[in-house]
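Report on one structure; see the data block that follows.
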Amino acid sequence: MFEYALVTKDGSFTWPREAAAKATALKRTADEDNSLRFLLRGLNDEGKPLKKSLVRTPVDAMDTSGRWYRGIIVNAETVQSDSNGSTSLASKDNFVENTHVRVHFDDGTDNHQEWIDVKSDRIAVAGRFTASSLEKDSEHDEESGAASIESKLKLTMANKKKDSTTAESNADPNSGGGCTFVGYGACGLDNLGNTCYMNSGLQCLSYLPLLRSYILSGHTGNVHPKKFRNLLAKCRNQYSGADQQDAQELVNDMFDMLHEDGNRVTKKPYVEALEDEFIAKTPLPRVGEEAWRRFQRRNRSAVSDLLMGQVYNQVTCPKCSHTSRNFDPFNMLSLPFPTMPEVIFRCIVVRRGTALNCLGTLKLSESQIGRLRTRSSSTSMMPPSKELIFEEYIVPMSRLADIGDLKMKLQHMTGVSAARLRMCKHEEIASTSTNDPLTKIHSKVTALPDKEGPCVKLLQNAALDDTSTPTVARIMAFETTLNARHIDVSSVEESTTVSPPQRDGNESTADEMSDDEATMSAPNRTALSKADERGVQEILKVYGDEKECFLYDTNPTLLAKVISRSLWPESAEGFNLGLRVDAIDHRNRWFPGSVIEIVTEGKKDDDGVVGPKEVKVKVHFDNFASKWDEEYTLESFTEGRVCPLYSHASARSKPSEFVVHHRGTNAKSGEKYLFGQSFYIQCYNEWSTARAGAHILSQASRFIESSSPLDCSKHSDRSRRDARKVIKTLIRDLIDFDRQNVQAAVKMGGRQSDEISFALQEKVKALLPLLPFEIRVTAATDPLGISHSSVDEHRYPFNLVRTIGNYMTARQSLVLDWKGNNLNQALERILYSPPPIVQHKQSHKLLKAHLKETGGNDPRRSGLNIGVCLTEFCKEQQLDGTGCWRCPVCKKDREGRQSMTLWNLPDILTFHMKRFNASSRWREKITTRVDFPLTGLNMREWCAKESPQYMDSNEEDFVYDLVGVVNHYGGMTGGHYVATCKATKCSPNGNEDFAYDFSGSGLAETDSLPEVEPSSGGWAKIGRSKEKDSLSNGASKAVSESSEPLWLQFDDELVEPLPPRNVVSETAYVLFYKRRRMRPSNIAKYSTLLVNDCT
């Protein structure tokens, strides 16, 4: 039996059976499309109306971005027409035809639906462009089921060897897939929907020497690799969907599948592993040879002959020093990036102002400080120390660590609890309003949440994308300014426990109260428990003592709760300004607030007649604007709409926090400007503004504690000493008056003394003008007070009526408006003096080592050499003790030391650059440029010296030349794969041409080929254009006249020449090298081999 073939005009053969099968497939496709169009219109194949609904009919649909997804029809839009074609309402004799269908896309979301015209090409037969076509195609595919992946690969890639001289002369220049390079068989592959990973991998595999000779057959392939993808999905389930996949995983799977399908060992024998005794007594070269021999007893294929080598792996036990030696086969080397690239933070820790580090302002006696002092002499103070204000630490962090991890490291280095550290970005801004070097720089800070990260994204330095060297960046950590006083009374904790948070955190609704509770009288609600009374007495013993605000800070929440009940009014005359209450707002929700105004006005009846006067109180709610204030009468108190503090609302768990800025004014122009180090300050919500003012002054004293190196005059030093005395005096007075006011409210019959408030105001009025600055309240977004929000700026009040939690909101900040010193008429200086920054010596050794290693060079310019990655692959590393290695001598899991070297190199060497880095929380793509040679990569340095190949081989046996690159554009969440291949000629029957051996000598750049420049987003400008089309049309002539090898770029169906200088880029992901002097046995076996003979 025989079959004849027809010779076409271009000299190629056409087999009648193949042509008939192709015609049948085309007819079947056309019939399916016609049936689908009738179905979408609501007709059957005979053109008659359907009796069933289209709902839940499966289809393939393209979304607006051009991607195909599986979908189902969920609705149809109809138009009703009679026999004359005019539109009318529905009747029994009218035909209802669908014009649009609503398709639900199966793209991983639940709400992606679109209306699509029934005539649109965006709808296709179910399975035409998606993985669901596997079941349908299997019914018509003659080779399904028993067909191997190798035979399908031959059909898909056979077009690589076709010499299409005549066909390409008539090809449309705007159509993809055409080859303009005679004799090179370059052909693009259509993208079937997120299949660029498959196309790029197949292109590189088809240009691997000898391997393509083994794969290619005499059949003509198709540039639409649908059948290959369907069979690939059957063999590997991860490729069955329409999602983007990893090209490196595809290449690795292709190697495995080709190896298994082409394995000449059909019945694999059982092969025992090498015994430890044999390895210990036998010379290492003999052990490696025996390991390879045993591997080949089960593995003999073109892949194992051409692409597989050996790695010598050693693991040494740290306890018994036993070394376990193994020889592992490989077909691809995954090269890591050096472990040195970490993010190095130059972190400045700002400690709270206390009696230990602000001796000029907050100094206490030695008996009061006790054992808190860390050093006996200030001259020997080094971090970590509570006696310092600014400390600098060098903290190396993993690129994918977050702020929480950085805080834990700082806790270990500084001794400050991670919960007490406020991490902030640091940015220095130069002011144009002053020329004074002391106040020209403003250090702006931006708070970072604990889960912020990864660290590599926190830095503004553009060099972060390069991991060739560590990156140094500045960051600040502020210690919480509150140091809670620990009172060892268990009843205090019980008494401070309030009702659990309701809804918005500090609210509850009146509907949730019982009728008895809502109408509870005031005396019943003001009763204190015995636990409350004991707790109050213990707190009063220490509240406002000598250590208050100098070393410790007392939380007055329980005192505020008790005072609210002590001052609870029984009549209109009993209303007090500043009374803390829980009140129901206009939405019937409970919020804490303060009485800020008492209003007396006549009460009007229904006829509008003014009657007797009625007393009302205005309540301002915590952390709300004034526009939400509400008025209440005495009936509101007796009826239960206003209750004592924290009867229904819950106390805020976190203290109030504000940013404090330093501000100056130009003496000549009057222009305001920010300068110095901004900082954070925290205050307990129930502190009075007087007590909070003392806390603000104590923390502001850090910036006049030392003499400025830029202003060391005696006059300035004397002025700073006087200012420190004034601040200390004012702090003491504020704390004393606040203590007296609290004790009066708790002990003296429940009435606050107006005399205390009056005396405080007299003291404050006398001392405020002597301060070196004025404390002002501004909008948080406008600390300069130059925008419309400047109406909110006002002087900070030091009084006993309002609490800081009720007076300040999160939308406000504090400003220290510094006054001039009038020292010099030409330059009016201020007393601001930044604390000195003391470096942590141990951690700064890391910075010195980094600077010595980098030499101050910009890492973005140098990049990495592939040799650095190979060295990183072979270097010794420490294994963790999580069961990854068990010592055969100790019989326990050990943290062994592992090292690997190359033992046996294959003819085709494949490298995988490990560009994707991941941790438990974050992921990133490493975009460092790795320089790899196009020719002359010498692998001798990374081979084991004991290997026979190292000792017996010629130097040229270690030299490799690049033949292909898979490039990845994009990031972790998406991207695009493009292949770059060195084209070598191949005869029509698949024979390799080894006479052409380019060594790289005389390599010159082709000026006529334009360089591909990346776009601003990091994506290369890949696509068809008029310039590229005209370039491709004349490429054949340019190639024939050039002495350089031809490099081609395959972007799916688009094939273009590429200058050699553009082959190396930061997008290189998988590299394919061939040995310059390939093994003669492989050349003889595969260079002239026809696949038909193999099969």
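Using my numbering, you'd call the opening residue of the sequence shown number 34 and step up by one each time.
We treat Cβ as the ideally placed atom computed from N, Cα and C, and that holds for glycine.
This structure is a prediction, so every number in the text was calculated from the model and none was measured.
Proximity of residue i and residue j at Cβ, strictly below 9 Å
i, j, result
"C907", "W975", "yes"
"L864", "I737", "yes"
"I768", "Y829", "no"
"V382", "P351", "no"
"S711", "V449", "no"
"K852", "E807", "yes"
"N77", "E110", "no"
"D750", "S740", "yes"
"T587", "A658", "no"
"A682", "W623", "yes"
"T467", "G709", "no"
Cβ-based neighbour list, residue i, same chain, cut-off 8 Å, excluding 5 preceding and 5 following
i, result
"C380", "E425, Y426, I427, V428, L439, L443, R507, I508, M509, A510"
"R930", "V348, T349, P351, E909, Q910, Q911, L912"
"N832", "S721, T722, A723, S790, L793, Q794"
"G104", "P91, V92, D93, A94, V136, H137, F138, D139"
7 Å Cβ shell around residue i - same chain, five flanking residues per side excluded
i, result
"T666", "E647, K649"
"S367", "H945, K947"
"V759", "L800, L803, L804"
"F162", "D93, W101, L225, G226"
Closest Cα partner of residue i within the set the options
i, options, result
"P369", "L897, F71, P602", "L897"
"R1108", "M946, F991, Q1082", "F991"
"L707", "V775, A463, V107, F624", "A463"
"K15", "M290, L83, R245, V284", "Since the first and last residues shown for the chain are 34 and 1128, residue 15 lies out of range."
"A792", "N131, S986, C920, D771", "D771"
"A94", "N67, R70, N131, V136", "V136"
"L397", "K60, D578, E305", "D578"
"H1009", "N1000, T1017, M430", "N1000"
"R330", "R297, E310, K352", "R297"
"I608", "D618, F624, V628", "Strictly speaking, residue 608 in this sequence is Phe, with Ile absent from that position. Among D618, F624, V628, the Cα nearest to that of F608 is on V628."
"S1114", "K761, E581, P939, R327", "P939"
"S686", "Y717, P316, L340", "Y717"
"D994", "P242, E110, F71, S466", "P242"
"G568", "K580, I520, S604", "I520"
"K484", "D469, M441, T467, R674", "M441"
"G1003", "S932, S952, E957, D223", "E957"
"C220", "K84, L83, V489, Q1082", "Q1082"
"E461", "R61, I422, T57, I474", "I474"
"S986", "R432, T814, R1110, L1079", "R1110"
"L592", "E606, E566, E581, E630", "E566"
"N332", "V632, R319, H292", "H292"
"P867", "I422, E310, R89", "I422"
"D96", "L1104, F378, A157", "A157"
Outcome for residue i when other beta-carbon atoms lying within 10 angstroms are tallied against a minimum of 16
i, result
"Y303", "exposed"
"S980", "buried"
"T590", "buried"
"K925", "exposed"
"G386", "buried"
"A1117", "exposed"
"L395", "buried"
"E512", "buried"
"N364", "buried"
Proximity test, residue i beta-carbon vs the ligand ATP heavy atom, cut-off 8 Å
i, result
"T513", "By its list of ligands, the structure shown contains no ligand whatsoever, and the ligand ATP lies outside what it can speak to."
Neighbourhood of residue i by C-beta distance below 6 Å, restricted to the same chain and skipping five residues each side
i, result
"A977", "Y345, T934, W936"
"H827", "V810"
"G393", "E738, R757"
"H694", "L707, S711, P816, V848"
"I941", "L241, L339, L340, K1107"
"S597", "R613, P677, L678"
Chain D contact for residue i (CB, 9 Å cutoff)
i, result
"S876", "Chain labels in this structure do not include chain D; a single protein chain is all it has."
Determine, using beta-carbon pairs with one atom in the stretch 276 to 286 and one in the stretch 316 to 332, whether at least three such pairs fall under 8 Å. no
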